[in-house]
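Start counting the sequence shown at 1; every next residue gets the next number (full-length UniProt numbering). We treat Cβ as the ideally placed atom computed from N, Cα and C, and that holds for glycine.
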Amino acid sequence: MTPRELVGAFADHGRIMGSTSTFGAPFYRDRVLGQLAYGPSLTGKNFCSEEDYDIPPPKTQRAAGGQDKVRLINIVIVRRGNCSFTTKVKIAQAKGAHAVIIVDREDSDYTSRDLANIIVADDGYGDVIHIPSVLISKEDGRRLIEAAQRSQVVVELAWDLPTDHVVTVDMWMSSASIASMKFIKEFAPKRRALNEVMIFNPHYAVFSMDQGNPAVYSGVCLDNQPKFCAEDPDGGGDITGKDVLEEDVRQLCIHDKTKKSRTSLDDLVKGKASVEYAAEYWDYMEKFPDRCPLDGSGKAKFGLECSLQVMKEVGIDTAEIQACATAERDARLSHELENPAWSPRALRINGWRYSGMLTADLVVRAVCSGFIHEPRECSDLITARDVFRPYIPVPSGGVSLGELLGWLLATISLGFVCMLMYKRYLKKEMRTTLREEVMLEVQAQMGEYAQLRGA
C-alpha cells in the first residue's frame, strides 16, 4: 500500500503471493491493514528464540483523503531456517505480532509461483498459535525487509478465494479420526444454516500398499489384501483398518442416499448450480462420534452394530445403506483411492486449498468469502473478529443468552437457598451453644450450693 515506490517494485501493482500456514487463523472474509516490523537477528539464532530479535511497536496511519487515523496491526517479518515454521510464528506471537511473514531462505530456488504448491506444515505444536502466517519468496521478502528498515511500510492482508454463486466444499477425512469427527460435529449446525447455498462433498482417506508380507498390512487393509487400506486408529486395539474402511463406505452411502435437492426450478433455469443437502447424514455425523467412540464397549463402540443403532435413531433406512455398502464397497473405495488430497485431513473451498486451523467458525468465514454475493446466512453465522487479538474459536452449539440467564438464575437461587439453610444452621447452633452455657452455669451454681450445704 505504501510507500508508492515499493508498490511499483512489484509486478502486479504491489500484490505479493504466498503460501498460508496450515496452522493459525487467517483473516478470512476480512481485509486487514498492517505495518511491517522487522528486527534483524541479534544472536545468530535466526528468529528461533525470543531474545534473538526485537520488533518496533505498530503506529497509526492517517487514512487517505481523511483526518482520521487507522490503527494498524503488527505484521512481523522473520526469515526461514534453523527451526520449524511453528516455532518462529509462536515466538513472534509472544512478542506481540498479529500476523507473520516468513521469508524463504537465501539458498532456496522457490519462486512466488512455486510457493503456491508448498505446504507450510505444522510440527505438531501449532494448536497454540492463533495468528496467521504466510511464506513468501526470498526476492519478495528481500524488498520488503529493505523497505521496512528504511521507512514505514503498510500492507494489506487478504485471502481471496475463488468465488461463485454457490460455494462447493470438499473435505477429506477418516471416520475414525477424532479430529475429523469433532470438526464435522461442530460444523453440522452451520451446514444446516447453509443448506441452500453450499455444496458439501465428503471424501475419505484410502491408500494402498505394495504386495508383500500379509503380516504388515493385515491390520490396516481390507480382506488382508493391500489394495484398500486405512489408518489403524487404536494400534493394537480391536478396531482395524478394515473396520474404518467399512464405516467410511457406510457414511458415503448415507450421504448419497439421503441427499435431496435444495435448488428451485427457477434457480436452475437461471443457471444456478444444483445444491443438495443430506439432512440425515449430518444428524448421523453429529451423534456417531459420541455414541460410537473408539474406546467404547459392547454395542456402544465403533463398528457396524453401533452404526446401525445410530442410523435407526436418526431415521435412516438401515437396509438400504447396508445394501449400498455391500454392493458398492469396492467401487466407492476405488474412487476415494484415485482421488486423494495432499493430506489425509484436507479441505477445499471452490477448488482452493484451505489453510489454517480446522474449526467450524474459521471454515465458515472462509466459505462465506467464496460467494460472489454473500448470502444472509453468513451474516447470521459470523460475528465480527477483533484482528488485534489472537483468534479464539467460537464454539459451535455454545451457550445461548437464554441458557446463560437460566444458569445465572439457577446459581442465584441455589445461593439463596444455601444462605437460608446456613442461617437456620447458625440459629440452631446458637441455641445449642446458649443452652449448653446456661446448663454449665446452672451446674456450677448447683455445685456451689451442694458444697455449701455439705459444709
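Asked: Is there a C-beta anywhere in chain B that falls below 7 Å from the one on D330?; Found: In the structure shown, chain B does not exist; there is a single protein chain.
Asked: Distance check for A9 and S180, CA to CA, integer angstroms please.; Found: 43 Å
Asked: Between V364 and L347, which are expected to be in contact by the criterion C-beta below 8 Å, what is the C-beta distance as a whole number of angstroms?; Found: That belief does not hold up - the Cβ atoms of V364 and L347 are roughly 12 Å apart, past 8 Å.
Asked: According to DSSP, which residues form a beta bridge with P390?; Found: Answer is none; P390 lacks a bridge partner.
Asked: What's the call for Q67, buried or exposed, on a 16-neighbour Cβ count within 10 Å?; Found: The predicted model places Q67 with a pLDDT of 48, which falls under 50 and marks its position as unreliable; any figure quoted below should be read in that light. Label assigned to Q67: exposed.
Asked: Give the list of continuous beta strand (DSSP E) stretches no shorter than 3 residues that lie fully inside the UniProt domain "PA" (34 to 144).; Found: 60 to 62, 69 to 71, 73 to 79, 99 to 103 and 133 to 136
Asked: Can you tell which of T22, T20, S307 and M1 has its C-alpha closest to the C-alpha of H13?; Found: M1
Asked: In three-state terms, what does DSSP make of I382?; Found: coil
Asked: Do C253 and C324 have their C-beta atoms within less than 7 Å of each other?; Found: yes
Asked: What did DSSP end up calling A300 once you bin it into helix, strand or coil?; Found: strand
Asked: Who are the near neighbours of I372 in its chain, counting only those whose CB is closer than 8 Å to its CB and skipping five residues on each side?; Found: T163, D164 and H165
Asked: Is DSSP giving E305 helix, strand or coil here?; Found: helix
Asked: Please go through the same chain and pick out, in chain order, the residues whose beta-carbon is closer than 8 Å to the beta-carbon of Q93, but skip the five residues on each side of it.; Found: V100, I129, H130, I131 and P390
Asked: Confirm, please, whether the CB-CB distance from T258 to A273 is below 7 Å.; Found: no
Asked: For S151, which residues does DSSP report across the bridge?; Found: None, per the DSSP bridge assignment.
Asked: According to DSSP, A360 sits in a beta bridge with which residue or residues?; Found: Answer is none; A360 lacks a bridge partner.
Asked: Just to confirm, is the Cβ distance from P233 to A176 under 7 Å?; Found: yes
Asked: What is the DSSP secondary structure of M1, counted as helix, strand or coil?; Found: coil
Asked: Check whether the Cβ atoms of A121 and T22 lie closer than 7 Å to each other.; Found: yes
Asked: Sort out for me which residues DSSP pairs N201 with in a bridge.; Found: D170
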